[in-house]
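Single-structure report; data block below.
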Amino acid sequence: MFFKKTDKKEENNFIVKVCALLIHAAKIDENYTLKEKEIIKKTLIELGTNEENLDQILISAEKIESDSNQILTFTKKIKNLDQIVKIRTMESLLKIIYSDGKSDIYEANLITRLSGLLYLDNKLLGDLKNKIKSNLKK
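Residue numbers for the sequence shown follow our numbering, beginning at 274 and rising by one.
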C-alpha cells in the first residue's frame with residue numbers, strides 16, 4: 274500500500290480521484306476501450322484497492338469524471354502524495370494514452386498539464402514515455 278496512516282474514507286476518496294483522472298485520460302480521445310479499463314483496474318489494485326471494490330469505485334469515478342469540467346478536481350489530493358504515487362499515476366495515464374499506439378493533440382496536452390500539476394519534471398516524463406512506448410513494441 275502506498276499510503277501513510279489514513280482513514281479508509283480518505284483513502285477511498287483518493288482512489289476514486291485517481292480512477293476519475295485515469296478515466297478522463299481514457300475518454301479524452303472519445304474512445305474509452307476495454308483495454309483502457311483493464312489498465313485502470315490494474316492500477317487501482319497496485320495502489321491497494323480490493324478487487325471486490327473495483328466495480329463500485331469505477332462507477333463512482335465515472336460519475337465524478339462525467340460531472341467534472343476540470344482536472345484540478347482530480348489532481349488536488351494526488352499532488353500532495355509521495356512522488357512514487359504520482360509517478361505510478363502518470364505511468365498508468367501514459368499506458369492508457371498510448372494503448373492505441375499513438376497520442377493525439379488532446380492527449381499530449383493532458384500529459385503536459387498533468388505533469389505540471391503533479392510537479393513531475395520533463396526528464397522523468399520523457400523517461401516514462403520512452404518506457405511505455407518501448408513496452409508497446411514488445
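Glycine residues also receive a C-beta, built at the ideal position from the N, C-alpha and C atoms.
- In the same chain as LEU391, and ignoring 5 residues on each side of it, the C-beta atoms closer than 8 Å to its own belong to THR348, ILE351, LYS352, LYS359, THR362 and MET363, in chain order.
- Put simply, of TYR371, LEU345 and ASN323 the residue whose alpha carbon is nearest the alpha carbon of LYS308 is TYR371.
- GLN329: member of the alpha helix (DSSP H) spanning 327-340, first to last residue.
- Cβ contact annotation for ILE312 (same chain, cutoff 7 Å, sequence separation greater than five): SER365, LYS368, ILE369 and SER372, in chain order.
- Counted as a single uninterrupted DSSP element, the alpha helix (DSSP H) harbouring TYR379 occupies residues 378-390.
- By the C-beta density criterion, SER388 is buried, having at least 16 other C-beta atoms within 10 angstroms.
- In the three-state scheme derived from DSSP, where H, G and I count as helix and E and B as strand, ASN403 is classed as helix.
- Excluding five sequence positions before and after THR346, the CB atoms of its chain that fall closer than 8 Å to its own CB belong to LYS290, ALA293 and ILE337, given in chain order.
- Shown here, ASP373 sits in a helix according to DSSP, grouped into three states.
- Within the same chain, Cβ atoms closer than 7 Å to the Cβ of LEU409 are found at TYR371 and GLY374, the five residues on either side in sequence being excluded.
- Annotation for ILE301: TYR379, GLU380 and LEU383 place their beta carbon closer than 6 Å to its own, counting only its chain and skipping 5 residues before and after.
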